[in-house]
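Asks: One line per chain: the protein sequences are G and H, in this order. At the far end of the first sequence sits residue 161, using the working numbering, and the numbering has no gaps. At the far end of the second sequence sits residue 349, using the working numbering, and the numbering has no gaps. For each residue, glycine too, the CB sits at the ideal point set by N, CA and C. Remember, it's a predicted structure, so these values are computed and weren't measured experimentally.
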Amino acid sequence: MIYSLLVMSPPASGSSAATAARFAQALIEAGHSIRRVFFLDEGVTCASSLAVFPQDESSGLQAWVDLAERHGVDLVLCVSSALRYGMLDNTEAERHERPCASIHPRFTISGLGQLVDATATSDRLVTFGG
Amino acid sequence: MVEPATRSTLAVIRHAPYGSSLARAAIDVSLANAAFDQPVELLFMGDGVLQLLPAQDAAALGRKNLARLLASLPLYGIEQVYVDAESAARYRVDLAQSPVAAVPLEATALRALLREHDQLLGF
Numbered sequence: 032m033i034y035s036l037l038v039m040s041p042p043a044s045g046s047s048a049a050t051a052a053r054f055a056q057a058l059i060e061a062g063h064s065i066r067r068v069f070f071l072d073e074g075v076t077c078a079s080s081l082a083v084f085p086q087d088e089s090s091g092l093q094a095w096v097d098l099a100e101r102h103g104v105d106l107v108l109c110v111s112s113a114l115r116y117g118m119l120d121n122t123e124a125e126r127h128e129r130p131c132a133s134i135h136p137r138f139t140i141s142g143l144g145q146l147v148d149a150t151a152t153s154d155r156l157v158t159f160g161g
Numbered sequence: 227m228v229e230p231a232t233r234s235t236l237a238v239i240r241h242a243p244y245g246s247s248l249a250r251a252a253i254d255v256s257l258a259n260a261a262f263d264q265p266v267e268l269l270f271m272g273d274g275v276l277q278l279l280p281a282q283d284a285a286a287l288g289r290k291n292l293a294r295l296l297a298s299l300p301l302y303g304i305e306q307v308y309v310d311a312e313s314a315a316r317y318r319v320d321l322a323q324s325p326v327a328a329v330p331l332e333a334t335a336l337r338a339l340l341r342e343h344d345q346l347l348g349f
């Protein structure tokens, strides 16, 4: 079955973002495919490459990066949420005259059309957070 | 980019308007669906019915007035809006004054609505 995930919860609060990454991993292990993971609202902070967590806690970033690198999972941030939370790639940092990019390069920034497309082309869309 | 409409989508809105930015996210996602000609319907339930209160004023918060955004949804072709009658009654939300016309549903009709949609988005 083709799944997409909508992630609206941040890694810094609650366990929902971590659950989303584990769910994605479990889907792949069960033989399903993931069309896209779309990060919206506070969920965009999952992409932060600048966040520093205490040593005994996890930001969850590596779990998403592994999904992208090992399984080609498409990780997309909503552009308006990303800008609001300071989640910038090189292009956006330059455009808005900010000192540096703040997201991991495995994530891409795009519009809500990517969520609409994922909704229309997946058998299941599962929301985390909200 | 987006395929022709094959799946029906229901946005289930359960959070109060100004406690988080989820209410705004729900409106943005609904408008994006409409912009790509993907049918989307809205259901307000639980604390979400508070978004249907009239005369909202978010100026002091420095936020946009969500009631005004909700009122504009029919202009974008989003006309199927439902509300859990029990939640509306619990919060004494007068649906006659709602910024967007919302059809109240009792529990049985609510279950049918949730069942008949292919995709549920939770906000």
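(1) Using the C-alpha atoms, what's the distance from residue 320 (chain H) back to residue 122 (chain G)?
(2) How about residue 133 (chain G) and residue 119 (chain G): do their beta carbons lie closer than 8 angstroms?
(3) Which bits of chain G does residue 288 (chain H) rub up against, with CB to CB less than 8 angstroms?
(4) Based on Cα-Cα distance, which residue from G:90, G:40 and G:148 lies nearest to residue 70 (chain G)?
(5) Assuming residue 102 (chain G) and residue 59 (chain G) are in contact, meaning their beta carbons sit under 8 angstroms apart, how far apart are those beta carbons, in whole angstroms?
(6) Classify residue 304 (chain H) as helix, strand or coil using the three-state DSSP reduction.
(7) If the cut is a Cβ gap below 9 angstroms, which residues of chain H does residue 43 (chain G) touch?
(8) Between residue 82 (chain G) and the rest of its own chain, which residues show a CB-CB distance below 6 angstroms, the 5 nearest in sequence each way excluded?
(9) Helix, strand or coil, according to DSSP, for residue 267 (chain H) in the structure here?
(10) Does the region 254 to 262 of chain H come within contact of the region 154 to 161 of chain G, defined as at least 3 CB pairs closer than 8 angstroms?
(11) Exposed or buried, residue 262 (chain H), counting other C-beta atoms within 10 Å across all chains shown (16 or more means buried)?
(12) Report the neighbours of residue 24 (chain G) on chain H: residues whose CB is nearer than 7 angstroms to its CB, in chain order.
(13) Under 8 angstroms, do residue 72 (chain G) and residue 260 (chain H) count as touching if we go by C-beta distance?
(14) How far does the alpha helix (DSSP H) with residue 253 (chain H) in it extend, from its first residue to its last?
(15) Along the region 41 to 75 of chain G, where does the CB come closer than 9 angstroms to a CB of chain H? Name the residues.
(16) With distance defined between alpha-carbon atoms, name the residue in G:137, G:147, G:144 and G:44 nearest to residue 105 (chain G).
(17) Below 8 angstroms between beta carbons: does that hold for residue 240 (chain H) and residue 348 (chain H)?
(18) Find out if the Cβ-Cβ distance for the pair residue 311 (chain H), residue 332 (chain H) is shorter than 8 angstroms.
(19) Quick one: what does DSSP say residue 233 (chain H) is sitting in, helix, strand or coil?
(20) Could you work out which residue in H:247, H:300, H:248 and H:272 is closest to residue 336 (chain H) when comparing CA atoms only?
(21) In its own chain, which residues sit with a C-beta less than 6 angstroms from the C-beta of residue 345 (chain H), not counting the 5 before and 5 after it?
(22) If you drop the 5 nearest sequence neighbours on each side, which residues of the same chain put their C-beta closer than 6 angstroms to that of residue 63 (chain G)?
(23) According to DSSP, is residue 109 (chain G) part of a helix, a strand, or is it coil?
(24) Give me, in chain order, the residues of the same chain whose beta-carbon lies closer than 7 angstroms to that of residue 129 (chain G); leave out the 5 immediate sequence neighbours on both sides.
(25) Determine the contact status of residue 325 (chain H) and residue 296 (chain H), defining contact as a CB-CB distance below 8 angstroms.
(26) Establish whether the CB of residue 117 (chain G) and some CB of chain H are separated by less than 8 angstroms.
Replies: According to the data block:
(1) Counting from one through the first sequence, the residue named residue 122 (chain G) turns up at place 91. Counting from one through the second sequence, the residue named residue 320 (chain H) turns up at place 94. The alpha-carbon atoms of residue 122 (chain G) and residue 320 (chain H) are separated by roughly 47 angstroms.
(2) In the first sequence, counting from the first residue as 1, residue 133 (chain G) sits at position 102. In the first sequence, counting from the first residue as 1, residue 119 (chain G) sits at position 88. Yes, the pair counts as a contact, with Cβ atoms nearer than the cut-off.
(3) Within the second sequence, numbered from 1, the residue matching residue 288 (chain H) stands at position 62. Within chain G, no residue comes near residue 288 (chain H); the closest Cβ sits about 13 angstroms away, beyond 8 angstroms.
(4) Reading the first sequence from its first residue, position 39 is the one you call residue 70 (chain G). Checking every option, the nearest Cα to that of residue 70 (chain G) belongs to G:40.
(5) Residue numbering aside, residue 102 (chain G) sits at position 71 when the first sequence is read from its first letter. Residue numbering aside, residue 59 (chain G) sits at position 28 when the first sequence is read from its first letter. Indeed they touch by this definition, with Cβ atoms about 5 angstroms apart.
(6) In the second sequence, counting from the first residue as 1, residue 304 (chain H) sits at position 78. Looking at residue 304 (chain H) - three-state DSSP - the assignment turns out to be coil, as it is neither helix nor strand.
(7) Within the first sequence, numbered from 1, the residue matching residue 43 (chain G) stands at position 12. By Cβ distance, chain H contributes nothing, its closest Cβ being about 15 angstroms from residue 43 (chain G), past 9 angstroms.
(8) Numbered from its first residue, the first sequence carries residue 82 (chain G) at position 51. Excluding sequence neighbours, residue 82 (chain G) sits near 90.
(9) Walking along the second sequence from the start, residue 267 (chain H) turns up at place 41. In the structure shown, residue 267 (chain H) sits in a strand (DSSP, three-state: E or B).
(10) no
(11) Walking along the second sequence from the start, residue 262 (chain H) turns up at place 36. Residue 262 (chain H) comes out buried.
(12) Not covered by the structure: residue 24 (chain G). The range shown for chain G is 32 to 161.
(13) The residue given as residue 72 (chain G) occupies position 41 in the first sequence. The residue given as residue 260 (chain H) occupies position 34 in the second sequence. The answer is no: Cβ separation not under 8 angstroms.
(14) The residue you call residue 253 (chain H) lines up with position 27 of the second sequence. Segment 248 to 261, the alpha helix (DSSP H) holding residue 253 (chain H).
(15) 71, 72 and 73
(16) By one-based count along the first sequence, residue 105 (chain G) stands at place 74. Considering only alpha carbons, the answer is G:137.
(17) In the second sequence, residue 240 (chain H) corresponds to position 14, counting from 1. In the second sequence, residue 348 (chain H) corresponds to position 122, counting from 1. Their beta carbons are under 8 angstroms apart, which means residue 240 (chain H) touches residue 348 (chain H) by this criterion.
(18) Taking the first residue of the second sequence as 1, we reach residue 311 (chain H) at position 85. Taking the first residue of the second sequence as 1, we reach residue 332 (chain H) at position 106. Yes, Cβ-Cβ distance for residue 311 (chain H) and residue 332 (chain H) is below 8 angstroms.
(19) Stepping through the second sequence from its first residue, residue 233 (chain H) is reached at position 7. It is coil, neither helix nor strand.
(20) If you number the second sequence from 1, residue 336 (chain H) lands on position 110. Looking at the Cα atoms, H:272 is the closest of the given residues.
(21) Here residue 345 (chain H) corresponds to residue number 119 of the second sequence, with the count starting at 1. If we look at residue 345 (chain H) and ignore the five residues flanking it on each side, its Cβ neighbours are 233 and 235.
(22) Numbered from 1 along the first sequence, position 32 holds the residue referred to as residue 63 (chain G). Counting only Cβ-Cβ distances below 6 angstroms, and skipping sequence neighbours, we find 32 and 34.
(23) Walking along the first sequence from the start, residue 109 (chain G) turns up at place 78. Correct three-state label for residue 109 (chain G): strand.
(24) The residue you call residue 129 (chain G) lines up with position 98 of the first sequence. Excluding sequence neighbours, residue 129 (chain G) sits near 119.
(25) For the purposes of this step, residue 325 (chain H) is identified with residue 99 of the second sequence, where counting begins at 1. For the purposes of this step, residue 296 (chain H) is identified with residue 70 of the second sequence, where counting begins at 1. Yes. Within cutoff.
(26) Within the first sequence, the letter at position 86 stands for residue 117 (chain G). Closer than 8 angstroms: no.
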